[in-house]
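A.B. asks:
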Ligand SMILES: N[C@@H](CCC(=O)N[C@@H](CS)C(=O)NCC(=O)O)C(=O)O
């Protein structure tokens with residue numbers, strides 16, 4: 006089987022997919038987007054040019070959550086989407102929370118910072134920061150009695166939460182009194198699959214537009 010992941014180690018959505026490969030101990034080839042020709046290949050597979058994209062034989066899978074669903078089909082012994090209907094639904098719900106309320110707002114702030122100063126939108130940035138604060142407070146309450154995002158087992162939702170909360174805090178600090186969210190973020194960073202992805206991304210920390218803090 007040939008599994009090629011078009012990705013970059015510093016990208017949060019790529020880390021989300023890479024964590025799933027590591028959780029499953031599933032071999033794959035990383036086609037790193039800084040390599041000659043890789044970006045053109047990616048665009049031929051997925052014209053939006055967003056990453057990660059998985060080339061699975063002659064099939065193409067885009068969107069990190071869908072890539073992870075595909076990995077569950079390939080390696081079902083270590084499911085990241087629980088078969089139990091209620092737990093599976095909670096997993097998908099929490100995955101949406103981390104994509105739509107953490108990663109999307111964090112990305113909005115970063116993309117705004119990447120624009121020339123005259124083109125930046127301070128109102129949109131303030132809105133994204135306020136939404137992150139709402140998400141932090143909500144997650145702090147939810148994580149008070151959970152080890153992982155959906156409960157007791159590590160799932161798809163945690164694959165995205167790990168890079169999501171890493172970069173969200175770098176972008177807009179998580180308040181120190183959100184102790185449950187902080188404890189969860191520490192558990193994620195210590196999870197061997199994510200610790201490995203985090204280490205692989207260390208050489209690229211200069212890429213962080215707001216300046217990567219000297220932590221994590
Ligand atoms: N909805 C996509 C989002 C992927 C995404 O936003 N990837 C970023 C890198 S972390 C990207 O491609 N940025 C470049 C762009 O949007 O053109 C997913 O879940 O995989």
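Residue numbers (my numbering): 6 to 221.
Note that CB positions come from ideal geometry on N, CA and C, so glycine has one too.
#1: Using a threshold of 7 angstroms, is the CB atom of residue 164 nearer than that to any non-hydrogen atom of ligand 1?
#2: Which residues in the same chain as residue 181 place their Cβ atom closer than 8 angstroms to its Cβ, once the five residues preceding and following it in sequence are excluded?
#3: Taking the beta strand (DSSP E) that residue 35 falls in, what are its first and last residues?
#4: To the nearest whole angstrom, what separates the beta carbons of residue 114 and residue 152, a pair I think is in contact under 8 angstroms?
#5: Please tell me whether, using a cut-off of 7 angstroms, the distance from the CB of residue 68 to the nearest non-hydrogen atom of ligand 1 is below it.
#6: Just checking residue 103 against ligand 1 - is the residue's beta carbon closer than 7 angstroms to any of the ligand's heavy atoms?
#7: Excluding sequence positions up to five away, which residues of its chain have a Cβ less than 7 angstroms from the Cβ of residue 92?
#8: Which residue wins for smallest C-alpha separation from residue 191, given the options 117, 211, 221 and 217?
#9: Please report the straight-line C-alpha distance between residue 145 and residue 197, rounded to a whole angstrom.
#10: Compute the beta-carbon to beta-carbon distance between residue 10 and residue 22, rounded to the nearest angstrom, for a pair I have assumed lies under 8 angstroms.
#11: Pick helix, strand or coil for residue 54, following the three-state DSSP scheme.
#12: Could you tell me whether the stretch 21–36 touches the stretch 161–172, where touching means 3 or more Cβ pairs closer than 8 angstroms?
#13: Taking DSSP as the reference, what is the three-state secondary structure of residue 7?
#14: Of all the options 159, 211 and 171, which has the alpha carbon lying nearest to the alpha carbon of residue 18?
#15: So does residue 112 have its beta carbon nearer than 7 angstroms to some heavy atom of ligand 1?
#16: Got a sec: does ligand 1 put a non-hydrogen atom nearer than 7 angstroms to the Cβ of residue 78?
#17: Can you tell me where the alpha helix (DSSP H) with residue 26 in it begins and where it stops?
C.D. replies: According to the structure shown:
#1: No, the beta carbon of residue 164 sits no closer than 7 angstroms to any heavy atom of ligand 1.
#2: Around residue 181: 187.
#3: Residue 35 -> beta strand (DSSP E) spans 34–37.
#4: In fact, because the Cβ distance is near 29 angstroms, the residues do not count as touching under 8 angstroms.
#5: The nearest non-hydrogen atom of ligand 1 is less than 7 angstroms from the C-beta of residue 68.
#6: Of the heavy atoms belonging to ligand 1, none sits nearer than 7 angstroms to the Cβ of residue 103.
#7: Scanning its chain for C-beta atoms nearer than 7 angstroms, with the 5 sequence neighbours on each side dropped, one finds around residue 92 the residues 155 and 156, in chain order.
#8: Closest option to residue 191, Cα to Cα, is 221.
#9: Going from the Cα of residue 145 to the Cα of residue 197 covers about 23 angstroms.
#10: Separation of the CB atoms of residue 10 and residue 22 is rounded to 6 angstroms, and the pair is thereby assigned contact status at 8 angstroms.
#11: Shown here, residue 54 sits in coil according to DSSP, grouped into three states, outside any helix or strand.
#12: Yes, the stretch 21–36 is in contact with the stretch 161–172.
#13: If DSSP states are grouped into helix, strand and coil, residue 7 belongs with coil.
#14: Measuring from the Cα of residue 18, the nearest candidate turns out to be 171.
#15: Residue 112 has its Cβ nearer than 7 angstroms to a heavy atom of ligand 1.
#16: Outside the cutoff, so no.
#17: First-last of the alpha helix (DSSP H) with residue 26: 17–29.
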